Amino acid sequence: PPVIHREDYRPPEWLVPDIALDFALDPAATRVRARLEVQRNGEHAHPLRLDGDGLVPLSVLVDGAPLADSWRLDGGALLIDLPGDTHIVETEVEIAPEANSQLMGLYASGGLLCTQCEAEGFRRITFFPDRPDVLSRYTVRMEADRTRYPILLANGDPVGAGELGDGRHWAEWRDPFLKPCYLFALVAGDLVANRANFTTRSGREVDLAIWVREADLPKTDHAMAALKASMAWDEHVYGREYDLAMFNIVAVSDFNFGAMENKGLNIFNSRYILADPETATDADFDAVAGVVAHEYFHNWSGNRVTCRDWFQLSLKEGFTVFRDQCFSADQGSAAVKRIEDVRCLRAAQFPEDAGPLAHPIRPESYIEISNFYTATVYNKGAEVIRMLRTMLGAERFRQGSDLYFERHDGTAATCEDFVRAMEDASGEDLTDFRRWYSQAGTPRVKASLSHDAPGGRARLELEQTVPATPGQPEKLAMPIPLRIALFGERSGEIFGGEQLVLLDDEKHEILFEGISERPILSINRGFSAPVIVETNRTADDLAFLSAHDDDPFARYEAMQQLMLDTLVARIAHGSADHAPVIQAVRDTLADPALDAAFVAEAVLLPSESFIGDQMPLVDPDAIHRAREALRTDLGRSLLTDWREAYAANAANRYEYSPTAKGARRLRTVSLGYIAASGAADAPALAFDQFGQADNMTDRQGALGVLANSMSPEREKALAAFYERYRGDALVLDKWFTTQALSTRDDTVEQVERLAAHPDFTIANPNRLRSLVGAFAANQRAFHDLAGRGYRFLADMVLRVDRLNPQTAAKLVPPLGRWRRFDATRAARMRAELERVLAAPDLSRDVFEQVSKSLA
Ligand code: HT7
Ligand code: ZN
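For the sequence shown, counting from 1, position 50 maps to 60 in full-length UniProt numbering; every step adds exactly one.
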């Protein structure tokens with residue numbers, strides 16, 4: 011398949027300032043008529059090229075006249091020779107939404123008809139230049155059966171509706187804003203709305219509606235509250251107002267991604283809209299608010315200013331993730347949010363950056379753009395924006411974003427445009443900073459602090475290396491902003507306050523004067539740069555910071571590092587001194603100044619995968635043994651403390667508040683440690699929590715603890731959970747996930763069995779990810795030495811690829827990590843990748859991921 015290169019970008023040869031679409035909707039056969047006003051862009055003699063994927067033109071008219079032989083098909087695209095500079099081109103096609111299992115273009119989901127066009131789905135609906143730098147004004151007319159599809163929605167504002175007399179009705183919508191076709195959307199279905207309104211700061215009234223199936227209406231209040239909060243936040247923090255009279259959101263059950271920011275008509279995976287205490291955990295509530303905010307923020311960062319080409323994806327995604335992270339931080343505990351965001355970056359992006367699929371946040375080439383909706387483009391992209399704000403300061407960063415929006419409103423821009431706006435507004439030279447856009451790989455920073463006690467000086471030596479990544483053997487030094495502080499070991503005071511150090515060379519040395527006592531280094535505070543830091547800090551230093559650092563992230567990080575060092579030592583030598591970790595956890599549990607949500611994060615051991623990421627070769631069984639041994643030791647040594655924490659955070663009546671959420675989290679973490687201690691009453695305690703819970707957080711928390719156990723309560727709880735929630739797809743997903751994540755020895759067999767369960771289906775991406783995605787993240791179970799996990803995943807990739815290539819391709823990366831494992835596992839993983847690659851009719855999506863993984 012062809013490779014697309016960033017450097018080959020050329021402006022569009024033809025523009026389409028206006029498009030009118032006319033849909034005769036029917037699940038089996040939808041007729042789509044398109045009327046395009048096309049305009050030659052510059053002087054050239056090239057034909058008009060309209061992308062198409064699986065479309066057959068039923069008619070092609072130019073300026074009202076049927077064309078005989080001046081059009082042809084090239085691949086899926088329609089080429090038309092046009093004599094003049096402006097023409098009206100009309101096409102007609104027929105598509106079958108109910109046969110669309112890829113969930114790209116127009117498809118059917120649970121009785122609805124809906125669209126997904128980003129990145130290149132519009133070409134599955136009609137012939138069009140399907141690229142983000144062609145911006146058009148859209149008018150959309152839909153007609154459909156009134157009983158099955160009483161609600162007809164599209165982008166913008168409704169401009170007309172009526173009956174057709176044969177049981178069918180019609181509606182017309184017009185979007186006054188220029189937009190690329192990937193932001194086009196329509197929805198038809200039997201839906202009801204949670205309605206509200208919002209008055210913008212300039213006094214305009216906006217009608218808000220969240221459309222769902224009637225039974226789901228009671229679960230939409232949290233999303234609505236999040237939408238209103240996002241609208242107010244974007245006005246307050248970025249000065250950005252909403253610009254249409256209506257904002258519609260629709261929830262659908264079959265969706266390849268989290269949600270989609272179509273102009274004025276966001277379409278959501280229902281798991282990011284529906285939430286009530288009975289069926290959604292606190293983490294689900296947070297995710298709903300975060301995704302609602304993310305999609306809403308795209309109205310400016312993505313829609314009003316869009317991307318020139320798909321290589322610029324991080325322009326909208328990195329910036330918008332950064333914006334949604336800051337929004338969520340402002341809604342609750344900023345410290346806990348930062349910890350969660352970094353945990354997510356380390357779990358998903360660091361391994362990507364260290365493996366065969368590594369790419370810069372602005373990639374140089376791709377075969378299939380859907381493969382580049384990655385943690386690198388999204389989450390590392392957000393870290394790059396965060397570094398800009400750290401370096402420029404909040405005020406100059408805001409000036410830069412104002413300038414960016416002002417300069418590029420209504421156009422398709424590049425990452426370079428964004429950096430230049432920041433540069434021009436701040437007066438800073440960001441030449442070297444641009445390397446964050448072009449170089450892949452996670453930089454490593456070595457920091458070593460020495461103290462000259464008699465001279466009262468300290469010397470901090472910093473050294474960075476950026477690892478080689480595919481296609482980039484040599485790297486230049488990155489500008490790395492590091493927030494640093496030195497603490498006096500005895501006094502606990504910070505010497506001279508926090509400093510922002512810009513490490514922009516391979517090596518850098520900083521001298522501190524007036525250091526009267528041994529200093530302890532607190533570095534990369536707040537995770538100011540997305541790098542791996544190695545220091546010469548001792549276990550005592552880390553224990554000190556875990557108890558005294560005033561930066562909550564650094565405090566958490568010190569504890570994690572202490573745990574990690576202990577685990578890595580145990581894996582290497584078969585034993586390790588657990589005492590410093592136990593003491594640090596005891597102190598954290600006893601510190602009255604800390605809130606429960608922070609404590610719960612701090613006392614959790616690093617995940618098995620993260621421990622593996624620190625080792626030259628991952629040994630899943632040794633990691634599991636070492637982690638379980640430390641968990642057991644922590645459970646036993648601090649059993650009284652865990653029981654106290656469990657009791658102190660006992661649930662009263664359910665309440666959704668930061669304090670209540672923190673208490674629930676610490677309670678279940680404590681329950682996990684009580685179970686790890688082997689306490690005889692642990693299964694009963696967990697079963698009791700499971701049965702008594704008045705909310706899903708407590709219930710699923712207890713089920714997770716039981717799922718790891720061999721007790722009879724496990725099966726009882728799983729059966730009860732299934733019976734209670736079998737009719738609720740989103741909750742049933744949790745039932746699959748909980749079992750796929752189990753630490754039990756028989757998890758592979760259980761997962762194979764669950765894949766044959768009548769409620770399992772590969773056609774629904776949520777259900778597929780709930781079992782297969784979760785299982786592949788369960789390091790020990792997936793890396794079963796006999797290779798059963800690898801075979802299972804490869805079989806799934808092949809089966810799913812026939813239905814939904816995009817979703818199939820997302821399952822490949824765990825197999826691509828084969829270089830990180832011992833020879834036996836590596837050979838088995840490779841063999842499965844080769845088996846997939848040899849399959850006939852492989853999609854471009856899977857081909858790209860598998861071939862790169864083997865290279
Ligand atoms: N911008 C949206 C991306 C998206 C997507 C991409 C590929 C295939 C399906 C998709 N659905 C949505 C989501 C976002 O970042 O807001
Ligand atoms: Zn996004």
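All C-beta atoms, glycine included, are put in the ideal place defined by N, C-alpha and C.
A quick note: this is a predicted structure, and the numbers were derived from the prediction, not measured.
DSSP places T101 within a strand segment (E or B) once states are collapsed to three. Scanning the stretch 244 to 314 from its first residue to its last, the whole beta strand (DSSP E) runs of 3-plus residues come out as 256 to 262 and 275 to 279. Going by C-alpha positions, G166 is about 24 Å away from L284. Taking C-beta atoms as the reference points, L676 and A603 fail to come closer than 8 Å.
Here the distance from the Cβ of E393 to the nearest heavy atom of the ligand ZN is not below 7 Å. The ligand ZN approaches T330 closely enough that one of its heavy atoms is under 7 Å from the residue's Cβ. In this structure, A303 has its beta carbon at no less than 7 Å from each heavy atom of the ligand HT7. In this structure the stretch 567 to 576 does not touch the stretch 304 to 312; the number of beta carbon pairs closer than 8 Å is below three. Remark: the C-beta of A269 is in contact range of the ligand HT7, defined as less than 7 Å to any heavy atom. In this structure, the C-beta of A655 stays at least 7 Å away from each heavy atom of the ligand HT7. Between the stretch 632 to 641 and the stretch 357 to 377 there are fewer than three inter-stretch CB-CB distances shorter than 8 Å, so the stretches are not counted as touching. Not a single heavy atom of the ligand ZN lies less than 7 Å from the C-beta of H97. Boundaries of the beta strand (DSSP E) harbouring S69: S69 to V72, taken from the DSSP string. When distances are taken from the beta-carbon of S380 to the heavy atoms of the ligand HT7, the shortest one is below 7 Å. A residue is called buried once 16 or more other Cβ atoms fall within 10 Å of its Cβ, and S526, having fewer, is exposed. Cα atoms of A612 and G682: separation of roughly 14 Å, rounded to the nearest angstrom. Taking C-beta atoms under 8 Å as the contact rule, D185 and Y159 fail to qualify, at a distance of about 20 Å. Across the set A729, L25 and L89, the C-alpha of L89 shows the shortest separation from the C-alpha of L71.
Nearest Cα to R16 within the set C425, D738 and C336: C425.
Boundaries of the beta strand (DSSP E) around Y117: G115 to S119.
Here S212 is exposed. Its C-beta has fewer than 16 other C-beta atoms within 10 Å.
Beta-bridge partners assigned by DSSP to Q49: L25 and T96.
Excluding sequence positions up to five before and after A206, its CB lies within less than 6 Å of the CB of L218 and M234, all in the same chain and listed in chain order. Under the DSSP assignment, I520 falls in the beta strand (DSSP E) whose first and last residues are K517 to E523.
Counted as a single uninterrupted DSSP element, the beta strand (DSSP E) harbouring R59 occupies residues L58 to L60. Within the same chain, and ignoring the five residues on either side of V807 in sequence, the residues whose Cβ sits closer than 7 Å to its Cβ are A818, L821, V822, V846 and V856. G701 sits in a helix when the DSSP states are folded into three classes.
In the structure shown, the three-state DSSP call for H767 is coil. Excluding sequence positions up to five before and after N534, its CB lies within less than 6 Å of the CB of L492 and V543, all in the same chain and listed in chain order.
In the DSSP assignment, V197 is bridged to C124 and L163. Assigned with DSSP and collapsed to three states, E842 falls in helix. Under the 8 Å Cβ criterion, the stretch 458 to 476 does not count as touching the stretch 359 to 370, having fewer than three qualifying pairs. For A833, the shortest separation between its Cβ and any heavy atom of the ligand HT7 does not lie below 7 Å.
Straight-line spacing of the CA atoms in H583 and D631 works out to 14 Å. DSSP, reduced to helix, strand and coil, places Q509 within a strand of the structure shown. Annotated three-state conformation of Y383 is coil, per DSSP.
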